[in-house]
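Letter 10 of the sequence shown, counting from 1, is numbered 9 in numbering that gives the first Met the number 0, and no numbers are missing. Idealized CB from N, CA, C, for every residue including glycine. No experiment lies behind these values; they were computed from the predicted model shown.
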Amino acid sequence: MTEQQKLGSLVEGSLMALITAVVGTLAIWFLPVKFLVDFIWGIPIIIITKKYNLRTGLLTLGATFFITALISGPVMTLLLLIELAPLAAAYAILFKYKKSPWTILVVGVVVAVISDLITVLGYFYFLDMLIVPTEKELGMLVEQFVSLYTGLGIDINQVRDKVEAAIRLAIMLIPSTMAIVAAIRAFITYIVAVRVLRRLNYKIEGLPSFSRWQIPWYSVWVLISGLVMSLAGDYYKLGTLAAIGKNMVCISAPLFFIIGVSVVTYFFQKLKGPKWVRVLFVILAIINFNGSLVLFTLVGLFDPLVSFRNWWREPMDE
Numbered sequence: 000m001t002e003q004q005k006l007g008s009l010v011e012g013s014l015m016a017l018i019t020a021v022v023g024t025l026a027i028w029f030l031p032v033k034f035l036v037d038f039i040w041g042i043p044i045i046i047i048t049k050k051y052n053l054r055t056g057l058l059t060l061g062a063t064f065f066i067t068a069l070i071s072g073p074v075m076t077l078l079l080l081i082e083l084a085p086l087a088a089a090y091a092i093l094f095k096y097k098k099s100p101w102t103i104l105v106v107g108v109v110v111a112v113i114s115d116l117i118t119v120l121g122y123f124y125f126l127d128m129l130i131v132p133t134e135k136e137l138g139m140l141v142e143q144f145v146s147l148y149t150g151l152g153i154d155i156n157q158v159r160d161k162v163e164a165a166i167r168l169a170i171m172l173i174p175s176t177m178a179i180v181a182a183i184r185a186f187i188t189y190i191v192a193v194r195v196l197r198r199l200n201y202k203i204e205g206l207p208s209f210s211r212w213q214i215p216w217y218s219v220w221v222l223i224s225g226l227v228m229s230l231a232g233d234y235y236k237l238g239t240l241a242a243i244g245k246n247m248v249c250i251s252a253p254l255f256f257i258i259g260v261s262v263v264t265y266f267f268q269k270l271k272g273p274k275w276v277r278v279l280f281v282i283l284a285i286i287n288f289n290g291s292l293v294l295f296t297l298v299g300l301f302d303p304l305v306s307f308r309n310w311w312r313e314p315m316d317e
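Here is the structure:
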């Protein structure tokens with residue numbers, strides 16, 4: 000890289016750092032926009048790393064921290080970077096070295112989950128604040144909820160028991176809920192990054208079409224192990240074991256549901272017939288949502304083992 004190119008990379012990196020700092024400041028001062036900022040904050044860093052090198056990307060990240068800290072203060076800036084910078088850095092490196100889409104996405108999900116966990120601990124350590132509701136706060140919600148049924152002739156104690164059980168389950172599932180939210184952030188950020196890089200004329204390999212999504216056969220053991228641990232924990236009154244099992248089920252069940260929808264979509268695309276038949280199928284699936292939820296999850300659970308699409312691919316594609 001010539002001196003002129005180095006100067007150009009520094010100037011462009013500084014501009015990207017300024018853009019990223021402005022976006023980060025918006026997330027700090029205007030919380031309603033943070034949901035959108037989470038998906039785009041790291042894009043400038045990914046771009047500058049892809050265009051030049053990892054050193055320029057890290058310098059851009061450092062400049063971003065410095066500018067944002069001047070505007071919003073070092074503590075809030077540090078917490079923002081703990082949450083968003085690891086994912087941006089991981090994607091920047093993986094896109095730079097042209098790793099496969101699934102590798103990028105899996106690493107991104109793992110990094111996002113870890114960074115979110117550290118962020119929660121950071122809020123508690125630096126600000127003495129929990130960003131997840133406590134059991135006391137949720138207990139107050141129980142009383143507010145139960146009070147709505149006063150005078151309606153409903154057994155208040157029965158309502159309270161059911162609401163308290165639901166709240167205990169919600170508290171137990173906070174780790175898996177956070178993991179799912181982090182995975183969604185990693186996935187959407189990946190999609191945005193791919194689209195932006197392609198707009199800039201970079202050749203980026205994308206994920207296969209949704210109807211071709213598959214997961215390894217051994218992934219079913221996550222759900223099976225979770226179910227076994229949950230049942231055993233409830234039966235033998237082992238709260239920790241039951242909590243781990245329920246969180247494993249909560250994390251893996253949506254994944255198998257998505258794979259099940261992918262399988263159904265594959266066969267749905269192969270159906271030959273009038274369009275109204277497909278529309279009717281979608282309407283019936285929506286109306287009977289609970290049944291569809293169970294059916295698609297079961298399909299997704301067995302697909303890694305029996306590979307439904309491989310069974311029927313040849314005769315249906317002819």
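Spatially closest choice to residue 190 from 172, 52, 228, 100, by CA coordinates
Of 172, 52, 228, 100, the residue nearest in Cα terms is 100.
What number of angstroms, rounded off, separates the C-alpha of residue 266 from the C-alpha of residue 277?
Those two C-alpha atoms are separated by around 11 Å.
Rounded C-alpha distance that separates residue 111 from residue 289 = Roughly 30 Å between the two C-alpha positions.
Apart from the five residues on each side of it in sequence, which residues of its chain come closer than 6 Å, Cβ to Cβ, to residue 174?
-> Correct list, in chain order: 246.
Spatially closest choice to residue 306 from 270, 79, 206, 258, by CA coordinates:
Residue 258 is the option with its Cα nearest to residue 306.
Residues near residue 89 in its chain [Cβ-Cβ closer than 7 Å; skip 5 each side]: Result list for residue 89: 106, 107, 110, in chain order.
Problem set entry | CA-to-CA distance, residue 228 to residue 165, given in whole angstroms | In a straight line, the C-alpha of residue 165 is about 20 Å away from that of residue 228.
Worksheet item: Hey, quick one: how far does the alpha helix (DSSP H) through residue 197 stretch, first residue to last?
Response: From DSSP, the alpha helix (DSSP H) with residue 197 extends over 173 to 198.
Next item on the list: Taking only runs that begin and end inside the region 39 to 101, name each unbroken beta strand (DSSP E) of 3 or more residues, in chain order.
Entry: Here no run is fully enclosed.
Judging by CA-CA distance, which residue of 72, 116, 250 is the nearest neighbour of residue 85? The residue with the shortest Cα to Cα distance from residue 85 is 116.
Pick helix, strand or coil for residue 218, following the three-state DSSP scheme. In the three-state reduction of the DSSP assignment, residue 218 falls in the helix class, which pools H, G and I.
Checklist entry - If you drop the 5 nearest sequence neighbours on each side, which residues of the same chain put their C-beta closer than 8 Å to that of residue 10? => result Excluding sequence neighbours, residue 10 sits near nothing in its chain.
Should residue 283 be flagged as near chain D, meaning a C-beta pair shorter than 9 Å? Included in the structure is just one protein chain, with no chain D present.
* Asked: How close, in whole Å, do the beta carbons of residue 300 and residue 230 come, if the pair is a contact with beta carbons under 8 Å?
  -> Residue 300 to residue 230, Cβ: 17 Å. No contact.
### Task
Helix, strand or coil for residue 315, going by three-state DSSP, please let me know.
Here the model assigns residue 315 a pLDDT of 45, short of 50, so the residue's position is not dependable, and the following value carries that caveat. In the three-state reduction of the DSSP assignment, residue 315 falls in the helix class, which pools H, G and I.
Practice task
Assuming residue 218 and residue 264 form a contact by the criterion Cβ under 8 Å, report the distance between their Cβ atoms to the nearest whole angstrom.
Solution key: About 19 Å separates the two Cβ atoms, so there is no contact after all.
Open item on the list: Can you look up residue 163 in the DSSP assignment and give me helix, strand or coil?
Closed with: In the displayed model, residue 163 falls within a helix according to three-state DSSP.
Which same chain residues, not among the five before or five after residue 216, have their C-beta less than 8 Å away from its C-beta? Once the five neighbours on either side are set aside, the close Cβ partners of residue 216 are 303, 304.
Inset, instruction - Alpha carbon to alpha carbon, how far is residue 188 from residue 47? Give it in angstroms, no decimals. - result: Whole-angstrom Cα-Cα distance: 16 Å.
The alpha helix (DSSP H) spanning residue 246 covers which residue range? It spans 238 to 269 - the alpha helix (DSSP H) in which residue 246 sits, taken as one unbroken run.
* To do: Could you check the C-alpha separation between residue 63 and residue 55 for me, to the nearest Å?
  => Those two C-alpha atoms are separated by around 12 Å.
**OP:** May I ask which residues mark the beginning and end of the alpha helix (DSSP H) holding residue 286?
**Re:** Per DSSP, residue 286 belongs to the alpha helix (DSSP H) from 274 to 286.
- Query: Would residue 75 be called buried (16 or more neighbouring beta carbons within 10 Å of its own) or exposed?
  - Reply: Counting other Cβ atoms within 10 Å of its Cβ, residue 75 reaches 16 or more and is therefore classed as buried.
Problem set entry | Rounded straight-line distance, which links the Cα of residue 69 to that of residue 77 | Distance between the alpha carbons of residue 77 and residue 69: 12 Å.
Does DSSP put residue 303 in a helix, in a strand, or in coil?
Helix, per DSSP.
Q. Going by other Cβ atoms of all chains shown within 10 Å of its Cβ, with 16 needed for buried, is residue 314 buried or exposed?
A. Model confidence at residue 314 stands at a pLDDT of 47, short of 50, so the residue's coordinates are unreliable and nothing is read from them.
**Asked** Buried or exposed: residue 83, going by 16 or more other Cβ atoms within 10 Å of its Cβ?
**Response** The residue in question, residue 83, is buried, as its Cβ has 16 or more Cβ neighbours within 10 Å.
Item to complete: State the DSSP-derived secondary structure class of residue 212, mapped to helix, strand or coil.
Response: If DSSP states are grouped into helix, strand and coil, residue 212 belongs with coil.
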